[in-house]
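Undergrad: At position 305 of the sequence shown the residue is numbered 305 (the numbering used here), and the sequence of numbers has no breaks.
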Amino acid sequence: MTLKFDRLLTLIFLLQRQPHLTAREMAARLRVSERTLYRDINDLSLAGVPIYGEAGPGGGYALLPGYRLEMAGLNETELSTLFISEGRGPLGDLDLHTTREVALSKVLSTLSERDRRRAAELQELLHVDPTGWNFPADQVPFLRAVQDAVWQQRRVSLTYRRENGAILTPMVNPLGLVVKAGTWYLVGDTGETIRPFRIARIQRIEALQETFKRPEGFQLARYWGEWCARFFPSYPVTLQVAPKGIPRLMQIFGESISDDLLSAQPDHTGWRTISLVFETMETARAALLDLGPTAEVLEPVELRESVIAWAQALLSRYGDTKNDPWIRSS
């Protein structure tokens, strides 16, 4: 996915070189949906960029004549907000939202070579995976300490509790942060292997003065995708979702599915058919039960049957009220 930062700059440069492009033309060049393109135009307008539209033949979008970008340096935190993928929910954990509007206004300028180098580095330090799984959100008291070590590329000493209760005390080169559906991970190099550490299981962290060099060719997003493919099987699902179910579906998956929803043509009742990928059948079933009557599984059949069985069990349990003390006392 093209980073929003790149799209906003490219959009400005497109309009400077070739005014009066239509939304369809710009969306095609940026390889995004028209809905995403309109959101980008709105963000630029809110940031003070004078973009206007003209209807009719020869119309389209343009910048006000004479408008020029002013150079403005970006600080570290503002760079961080620009070079993170677009999922917004979990970024509040890092207190990055407060600088977003300032960063958006500054992104309109041409970056210095120093800023471009640092921005490329930051892009490799945080990856947002919007797909859900069946874990509750973590408590992460050491997140800020981990973030500082990642940002500063300082080696850390960890006391880490594994899922089985065993305690590890590794020395780790912190390569990046990953957040997946509210669950935070540190991807670190122990010298023997590169592996993820669930931040909620960190019992103690000490940042050392020693810095480190990142492994040549290491890419955080690629590593995470490959790790998930090895340890978490994919489970494709086709479902129909009602208009009322779309907001909750986007809460589960994030804005990454907005283009898929937009491209899915609604039927005469407004329901849309969409294909999604979950980690397991259990994860998919939990999400579908959460959506309730606003979604219906079409495929696979085993998931449909499992959802029906769970719904029937719930109905049987809650429908048997004759021995329920809450019912009798009401």
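We put the beta carbon where it would ideally sit given N, CA and C, even for glycine.
Being a predicted model, the structure only gives us computed values, none of them experimental.
Would you tell me roughly how many angstroms separate the C-alpha atoms of Ile12 and Ala284, rounded to the nearest one?
TA: One-based indexing of the sequence shown puts residue 12 at position 12. One-based indexing of the sequence shown puts residue 284 at position 284. Each residue's Cα considered, the two are about 40 Å apart.
Undergrad: Check the C-beta distance from Ala295 over to Leu261 and give it rounded, since I have them as a contact under 8 Å.
TA: As a position in the sequence shown, residue 295 is number 295, starting the count at 1. As a position in the sequence shown, residue 261 is number 261, starting the count at 1. In fact, because the Cβ distance is near 12 Å, the residues do not count as touching under 8 Å.
Undergrad: Leaving out the 5 sequence neighbours to the left and right, which residues in its chain are closer than 6 Å to Gly89 when beta-carbon positions are compared?
TA: Position 89 of the sequence shown holds residue 89. Because Gly89 sits at a pLDDT of 49, beneath the cut-off of 50, its placement in the model cannot be relied upon, and the following sentence gives the value as read from the coordinates. The answer is none, since no qualifying residue turns up.
Undergrad: Output yes or no for whether 7 Å exceeds the beta carbon distance between Gly278 and Tyr235.
TA: Translated into positions along the sequence shown, residue 278 becomes position 278. Translated into positions along the sequence shown, residue 235 becomes position 235. The sequence given here places Phe at residue 278; Gly does not occur at that position. A contact, by the Cβ cut-off of 7 Å.
Undergrad: Expressed to the nearest angstrom, what Euclidean distance is found between the alpha-carbon atoms of Val150 and Pro170?
TA: Walking along the sequence shown from the start, residue 150 turns up at place 150. Walking along the sequence shown from the start, residue 170 turns up at place 170. Near 16 Å, if we compare the C-alpha coordinates of Pro170 and Val150.
Undergrad: Do you know how far the Cα of Gln265 is from the Cα of Tyr52?
TA: Against the sequence shown, residue 52 aligns to sequence position 52. Against the sequence shown, residue 265 aligns to sequence position 265. If you take the alpha carbons of Tyr52 and Gln265, they lie about 29 Å apart.
Undergrad: Based on the DSSP secondary-structure assignment, which residues constitute the bridge partners of Gln240?
TA: By 1-based counting over the sequence shown, the position of residue 240 is 240. DSSP lists Thr273 and Glu296 as partners of Gln240.
Undergrad: For Arg24, which residues from the same chain have a beta carbon less than 8 Å from its beta carbon, with the 5 sequence-adjacent residues on both sides left out?
TA: By one-based count along the sequence shown, residue 24 stands at place 24. Result list for Arg24: Glu34, in chain order.
Undergrad: Pull up the DSSP beta-bridge partners for Trp184, would you.
TA: Reading the sequence shown from its first residue, position 184 is the one you call residue 184. According to DSSP, which records beta bridges pairwise, Trp184 is partnered with Val179.
Undergrad: How would you write the range of the beta strand (DSSP E) that Ile202 sits in, first residue to last?
TA: Within the sequence shown, numbered from 1, the residue matching residue 202 stands at position 202. Unbroken beta strand (DSSP E) run through Ile202: Ile202 to Thr211.
Undergrad: Could you check if Ile257 is buried or exposed, using at least 16 other CB atoms within 10 Å of its CB as the buried criterion?
TA: Mapped onto the sequence shown, residue 257 falls at position 257. Answer is buried; the Cβ neighbour count reaches 16.
Undergrad: For Val156, which residues from the same chain have a beta carbon less than 7 Å from its beta carbon, with the 5 sequence-adjacent residues on both sides left out?
TA: In the sequence shown, the residue the question calls residue 156 occupies position 156. Contacts found: Ala149, Val172, Pro174, Ile205, Glu206, Ala207 and Leu208.
Undergrad: Taking only the alpha-carbon atoms, compute the straight-line gap between Ile202 and Gly270 and give it to the nearest angstrom.
TA: Here residue 202 refers to the residue found at position 202 of the sequence shown. Here residue 270 refers to the residue found at position 270 of the sequence shown. If you take the alpha carbons of Ile202 and Gly270, they lie about 46 Å apart.
Undergrad: For Thr190, name the three-state secondary structure that DSSP assigns.
TA: As a working note, residue 190 is residue 190 in the sequence shown. Of the three classes helix, strand and coil, the one that applies to Thr190 here is coil, per DSSP.
Undergrad: Ends of the beta strand (DSSP E) at Leu21?
TA: Against the sequence shown, residue 21 aligns to sequence position 21. Element bounds for Leu21: n/a, residue is neither H nor E.
Undergrad: Which residue wins for smallest C-alpha separation from Phe218, given the options Arg17, Gln312, Arg195 and Glu299?
TA: Residue mapping note: residue 218 aligns to position 218 of the sequence shown, counting from 1. Ranking the options by Cα distance to Phe218, first place goes to Arg195.
Undergrad: In angstroms with no decimal places, state the Cα-to-Cα distance between Leu9 and Pro215.
TA: If you number the sequence shown from 1, residue 9 lands on position 9. If you number the sequence shown from 1, residue 215 lands on position 215. Taking the straight line from one Cα to the other gives about 30 Å.
Undergrad: Would you mind sorting Gly292 into buried or exposed? The rule is 16 or more other CB atoms within 10 Å of its CB.
TA: To locate residue 292, count along the sequence shown from 1; it is residue 292. Label assigned to Gly292: exposed.
Undergrad: If distances are taken between C-alpha atoms only, which option among Gly191, Gly176, Leu314 and Leu249 comes closest to Arg144?
TA: Looking up residue 144 in the sequence shown gives position 144. With distances taken between Cα atoms, Arg144 lies closest to Gly176.
Undergrad: Cβ of Thr17 within 7 Å of Cβ of Asp40?
TA: Mapped onto the sequence shown, residue 17 falls at position 17. Mapped onto the sequence shown, residue 40 falls at position 40. Reading off the sequence, residue 17 comes out as Arg, not Thr. Contact: no.
Undergrad: Might you give, ordered along the chain, the residues of its own chain that have their beta carbon closer than 7 Å to the beta carbon of Phe212, omitting 5 neighbours on each side?
TA: Taking the first residue of the sequence shown as 1, we reach residue 212 at position 212. Same-chain partners within the cutoff: Gln153, Arg155 and Asn173.
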